[in-house]
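For reference, the structure is listed below as structure tokens.
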Amino acid sequence: MARHAQHTTSQQTKTRPPGEERTGTGRAGAALDYTCPSCGHHVPAEVTRHKTLGIYVPVWRRGTCHNPDCSAAGPERQR
């Protein structure tokens, strides 16, 4: 029993990769706020899909920065 408890504890301590900071409640349908790691402005969320156990589930990630002065913005957005 102790081995099972130890295994679940290690799964709960996962951290986000750098640049994936977000605020929100984590509930389905809740608004997620992402920030750009370069300029700190609000970045819209982008949804992709991932196949898990034969079904596709949504995966929310940080989208592209739309700030024209940001170095991380796409080439079409930079001045």
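Numbered per full-length UniProt numbering, the sequence shown spans residues 1 to 79. All C-beta atoms, glycine included, are put in the ideal place defined by N, C-alpha and C.
Assigned with DSSP and collapsed to three states, D33 falls in strand. Ranked by Cα distance from V59, the options H66, C65, K51 are led by K51. With respect to the C-alpha of P68, the residue from D33, Y34, H42 having the closest C-alpha is H42.
Judged by DSSP in its simplified three-state form, P68 adopts coil rather than helix or strand. Checking the DSSP bridge columns, you'll see A45 partnered with R62. Across the structure, Y56 and P44 are spaced so that their CA atoms are roughly 22 Å apart. Cβ contact annotation for S71 (same chain, cutoff 7 Å, sequence separation greater than five): S38, in chain order. Going by C-alpha positions, C36 is about 19 Å away from T48.
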